[in-house]
Each structure stands twice: as structure tokens, then as C-alpha cells.
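Below is one structure; the comments refer to it alone.
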Ligand code: DOR
Ligand code: ZN
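In this note's numbering, the protein residues as written are 74 to 433.
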């Protein structure tokens with residue numbers, strides 16, 4: 074039985090760190106285990122300019138504990154007033170790696186999102202020209218579309234026409250949650266990739282609804298049926314470079330989740346790597362964990378895997394984590410995968426010379 078695993082320090086290619094006290098509370102958990110992360114821009118107000126992204130990046134770096142090396146890779150939030158020049162300048166700076174498209178109303182803080190992709194085509198054309206990736210929250214928001222079908226309908230109504238119109242645009246379907254999404258990514262010849270979250274690999278919709286409603290398992294896209302979860306796991310362990318980790322770790326105050334209208338998101342940054350080691354072990358594919366967490370995403374963004382290493386060890390006693398962490402007076406509930414996790418992160422080596430946060 075394999076009890077040790079050494080990986081290039083992983084990349085989280087979809088992460089919500091928030092701002093202020095919440096950011097200061099959660100950032101050290103990501104910087105402890107991850108080398109780099111693609112940082113989501115859905116703050117209030119959203120991060121729409123290079124200037125705002127740079128200031129946000131500086132606040133994140135100030136929250137990284139001394140001795141840890143963590144590189145936030147920033148994104149801009151696409152609105153219908155974003156200009157091609159703004160995104161091009163942001164990309165040229167090296168600080169901003171991608172633009173995020175939230176359909177208006179799709180999820181947390183998405184009110185300034187895009188109502189109709191036709192209104193942002195001039196920006197997307199520019200991105201296609203300069204090779205800047207578009208990260209999509211791939212769900213339609215029309216009230217008449219069943220929430221469990223929103224990803225599949227987005228592919229038909231938005232993504233496929235967009236890819237036909239701009240075949241060179243590089244697109245990531247963020248947090249893909251269905252077999253339809255996995256099959257669509259596999260069917261593409263080029264230019265399309267997908268992130269997969271930890272929680273969608275572990276849970277199906279029964280976790281959310283069977284035997285009681287569990288608000289801490291509410292996220293968007295919402296958890297799906299078992300056959301979809303199995304398709305996601307198959308994609309994650311397949312070795313296909315188009316699939317890589319984006320945790321979508323999305324902390325919210327406990328009171329905002331345990332409410333008559335609870336908000337979407339699970340806080341998984343703290344225990345993601347041990348849980349993923351368990352998932353890959355369950356699938357008999359431990360050797361492919363590094364591809365998923367440390368190589369495929371880096372490749373998509375044109376980066377080398379990190380020189381630093383993360384060591385995971387399997388122990389007899391299960392990993393312990395707090396049920397909640399404190400975030401400036403608010404509690405954030407920690408993701409519970411529902412099974413004991415025997416993998417532990419053993420070493421989190423700090424910076425190496427090749428990899429300091431000035432090196433962007
Ligand atoms: O569950 C989610 N939480 N899904 C999203 O798309 C957004 C995120 C958040 O920001 O809370
Ligand atoms: Zn997200």
C-alpha cells in the first residue's frame with residue numbers, strides 16, 4: 074500500500090479569497106498547501122480593472138504568512154462596459170491571467186455580470202487575438218430552465234455558438250458538474266478546458282437534500298446526480314490535460330449559509346489536498362494526482378509546474394480539522410467530505426529561488 078506521495082506544490086485554478094477579515098482568515102490555508110491560485114474577482118464591487126486587481130493582489134500577498142510562497146494570479150470580472158483595451162492592458166501586465174464571465178444573476182455577487190454575450194463580443198474578440206483565457210460560469214439563468222439543467226443548456230445556447238464564432242478563444246468551463254460538460258470538453262479539438270472542484274468529485278445531490286436540507290452542501294452549480302459525479306471523477310483521474318483542479322473554495326459566514334435563503338459555496342481550501350488524495354486512491358489512480366493538481370492547470374496557463382514540493386503521507390489515524398474557523402468574528406464552516414481522510418499534508422516547503430511572488 075502506498076503511504077507517501079510527493080507532488081509539485083499544487084495550483085488551485087479557481088479560488089475565492091474574498092476581502093478584509095475573511096480574506097485574512099482564509100488565505101493562509103490556501104498558501105499553506107498551494108503554490109499559485111487563480112483568484113476569482115466577484116468582490117463587492119467586482120474587480121473590473123487592472124488597478125483594482127493589482128491592489129487586491131497586494132492585499133492577498135499581505136495576508137500570506139511569512140515563509141510561505143503563494144502567487145495569486147488575478148482575473149477581471151467581465152461586465153457589459155468592460156473595454157478591449159482594459160483587458161489587453163491587464164493581460165500584458167502579467168498580473169491578470171484571465172477574464173471571468175458570470176452570466177448576470179448566476180451566483181454570488183454576479184449582478185454586474187453579462188446579460189447577453191453578444192454585448193461583450195468585441196472584448197472576447199480582443200481576448201481571442203491576444204490569447205487571453207475566458208473563464209466561464211457555465212450556467213444559464215433563465216427562470217424557466219430547471220436548475221439541474223442549467224449547465225447543459227448553457228453549452229447548447231451560449232458556449233457552442235460562442236466557440237463557433239471565436240474558434241481561437243481559449244475557454245475554461247469553470248467547475249464543470251455534469252457528464253454533459255465533461256463530454257463537451259472531450260469533444261473539443263482545441264481551446265477548451267475545464268476545472269473540477271473537490272466537492273463535486275465527492276458528493277452528489279443526495280448530500281444536499283436527503284434526510285434534511287444541508288445548507289453547507291449548497292453551492293453553484295448545484296450538486297448533481299451520481300452519474301454526473303462519476304463522470305467528473307473519471308475525467309479527473311483520466312490523465313486528460315484538459316481537466317484540472319479549481320477548488321471553488323468559497324467561504325461564507327455560517328449565518329449567511331444557515332438562513333432561509335442560504336448562499337452558495339463550500340470552504341474546502343483547508344482539507345482539499347488530503348481529500349483529493351483519498352479520491353485518487355479510491356479510484357486506484359494516486360499516480361495521476363500530480364497531473365490534476367500540479368501539471369495540467371499550469372500547462373493551460375503556460376506555466377511550469379512548481380519547483381517546490383508538497384508531501385502527503387497516509388497515516389493510521391484520520392486527519393482532524395476544525396468544524397469551523399474564525400473569520401473576524403464570523404464562523405466559516407469547514408467542508409466535511411463525509412468519510413474519514415487518512416492522508417495528511419506532511420511538508421509545506423517555503424519559497425524556492427525560482428519561485429518567489431515577484432516572479433510573475
Ligand atoms: O458555490 C459557489 N460559490 N459558486 C459560485 O459560483 C460562486 C461562489 C461564491 O462566490 O460564493
Ligand atoms: Zn467560483
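No residue lacks a Cβ here, since even glycine has one placed at the ideal position from N, Cα and C.
All values derive from a computational prediction rather than experimental measurement.
May I ask you to report which of helix, strand or coil DSSP gives residue i?
i           : result
residue 31  : Residue coverage of the chain in this structure runs from 74 to 433, which leaves residue 31 outside it and unanswerable.
residue 322 : strand
residue 427 : Residue confidence for residue 427 is low, a pLDDT of 39 falling below 50, so the modelled location carries little weight and cannot support an answer.
residue 113 : coil
residue 160 : helix
residue 316 : strand
residue 169 : strand
residue 194 : helix
residue 340 : strand
residue 86  : strand
residue 279 : helix
residue 218 : coil
residue 378 : coil
residue 154 : coil
residue 293 : coil
residue 137 : coil
residue 351 : helix
Could you tell me which residues DSSP puts in a beta bridge with residue i?
i           : result
residue 106 : In the DSSP output, where bridge partners are listed per residue, residue 106 has none listed.
residue 80  : 383
residue 244 : 207 and 265
residue 176 : 187
residue 398 : 405
residue 439 : Nothing can be reported for residue 439: it is not among the residues displayed for the chain, which extend from 74 to 433.
For residue i, which residues of its own chain have a beta-carbon under 6 Å away from its beta-carbon, when the five flanking residues on both sides are left out?
i           : result
residue 371 : 84 and 378
residue 101 : 138
residue 338 : 292, 323 and 325
residue 275 : 410
residue 361 : 310 and 312
So, for residue i: in the same chain, excluding its five sequence neighbours on each side, which residues have a beta-carbon less than 8 Å away from its beta-carbon?
i           : result
residue 277 : 296, 297, 298, 299, 301 and 302
residue 130 : 112, 145, 147 and 168
residue 306 : 274, 352 and 356
residue 397 : 327, 404, 405, 406 and 407
residue 132 : 92 and 96
residue 366 : 80, 83, 84, 317, 318, 346 and 349
residue 86  : 110, 111, 245, 268, 317, 318, 319, 370, 373 and 374
residue 254 : 211, 224, 225, 228, 246 and 267
With a CB to CB cut of under 7 Å and the five nearest residues on each side skipped, what residues in its chain are close to residue i?
i           : result
residue 198 : 239
residue 271 : 320, 341, 345, 348 and 349
residue 289 : 330, 339 and 406
Does the Cβ of residue i lie closer than 7 Å to at least one heavy atom of ligand 4?
i           : result
residue 337 : Ligands present in the displayed structure are limited to ligand 1 and ligand 2, and ligand 4 is not among them.
Open item on the list: For the segment 232–241 against the segment 261–275, do three or more pairs of beta-carbon atoms, one drawn from each stretch, fall closer than 8 Å, so that the two count as touching?
Closed with: Verdict: yes, contact present.
Open item on the list: Can you tell me which residues fall inside 6 Å of ligand 2, judged by beta-carbon distance to its nearest heavy atom, and keep chain order?
Closed with: This selection yields 87, 89, 113, 321 and 323.
- [ ] Specify whether the segment 86–105 and the segment 339–352 touch according to this definition: at least 3 beta carbon pairs, one from each stretch, less than 8 Å apart.
- [x] Yes: the two stretches touch, three or more of their Cβ pairs being nearer than 8 Å.
Open item on the list: For the structure I just gave you, are there three or more beta carbon pairs, one from the segment 113–128 and one from the segment 172–190, closer than 8 Å?
Closed with: Contact holds between the segment 113–128 and the segment 172–190, because three or more Cβ pairs, one in each stretch, are under 8 Å apart.
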